[in-house]
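*Asks:* With the numbering used here, letter number 33 in the sequence shown gets 34, and the count goes up by one each step, no holes.
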Amino acid sequence: MINAEVLRPLDRQLLLQLGDRLKHLRKAQGLGTVEMAARVGITRNTLRAVETGDPATAIGTYLRVMSVLGV
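1) Pull up the CB-CB distance for V41 and V72, whole angstroms please, since I reckon it's below 8 angstroms.
2) Would you kindly report the start and end of the unbroken alpha helix (DSSP H) that includes D12?
3) Nearest by alpha-carbon distance to T53: which of R9, Q18, L26, P10 is it?
4) Give me, in chain order, the residues of the same chain whose beta-carbon lies closer than 6 angstroms to that of L26; leave out the 5 immediate sequence neighbours on both sides.
5) Count the other C-beta atoms from every protein chain shown that fall within 10 angstroms of the C-beta of V35, then say buried if there are 16 or more, exposed otherwise.
So, in structure tokens, the structure goes:
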């Protein structure tokens, strides 16, 4: 796990931007959080962590969300 305080400010900003973009893509595709989480195979809390750019979330989870969104 990565401690958020250890991340450089630029890295943290990039994660925040990635999460925000994924959230906007999900909404643009008309997917709610429950449906999206089910499609990815994660909980709504984990989806929330992805969409807020949580650095403790596994990169594989980000990739699965991106795959479902067609990114």
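Even for Gly, the Cβ is constructed at its ideal location relative to N, Cα and C. Nothing here was measured: the structure is a model prediction, and the numbers come from that model.
*Replies:* Taking the coordinates as given:
1) With 8 angstroms as the limit, V41 and V72 do not qualify as a contact, their Cβ atoms being about 12 angstroms apart.
2) 10-29
3) Q18
4) L70
5) exposed
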